């Protein structure tokens, strides 16, 4: 599985550099979610802009692993760059109801920063 990881202070962007979402690359994707979460990243943005094809909603269910890990650590899992074909499969499988999906990367980062500011204002973030 080809992907790039762009780590920031408050979040990490995982960009898949594959044209297809298949059951060959989903186990590796799940492993990467677990690794990033173990490293302390509670906000993960998954950029699917390079993905042109996905034939099976089972492959997309791997996204729920990332979502669960982020929610468990009081963070956000955001999917961005979804094309029409993938969006239809997400909709048919109702994954669009449980995942946070935005159209652009900057929307995802804005959402993360708004959430982090809100948590700090409410006092739910540990102060260093």
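In our numbering, the protein residues as written are -7 to 120. The beta-carbon is built from N, C-alpha and C at its ideal position, and this holds for glycine as well. None of these values were measured; they are calculated from a predicted model.
Helix, strand or coil at residue 93 according to DSSP, with G and I counted as helix: Shown here, residue 93 sits in a strand according to DSSP, grouped into three states.
CA nearest to the CA of residue 101, picked from -7, 17 and 36: Closest by C-alpha distance to residue 101, out of -7, 17 and 36, is 36.
Other residues of its chain near residue 17: CB distance less than 7 Å, five sequence neighbours each side excluded: If we look at residue 17 and ignore the five residues flanking it on each side, its Cβ neighbours are -7 and 10.
Contacts around residue 105, its chain only, beta-carbon distance under 6 Å, and the 5 residues preceding and following it disregarded: There are no such residues.
The ligand ATP heavy atom lying under 6 Å from the CB of residue 112: In the structure on display, the ligand ATP does not appear, and there are no ligands present to speak of.
Three or more C-beta pairs below 8 Å linking the region 81 to 96 and the region 14 to 34: Touching, no.
As assigned by DSSP and simplified to three states, the class of residue 18: Residue 18 sits in a helix when the DSSP states are folded into three classes.
Rounded straight-line distance, which links the Cα of residue 53 to that of residue 66: Their backbone Cα atoms lie some 21 Å apart in a straight line.
Spatially closest choice to residue 8 from 62, -4 and 64, by CA coordinates: Comparing Cα-Cα distances from residue 8 to each of 62, -4 and 64, the minimum goes to -4.
Short Cβ contact (7 Å threshold) for residue 69 with residue 58: In terms of Cβ geometry, residue 69 and residue 58 form a close pair [threshold 7 Å].
Three-state secondary structure (DSSP) of residue -4: Correct three-state label for residue -4: strand.
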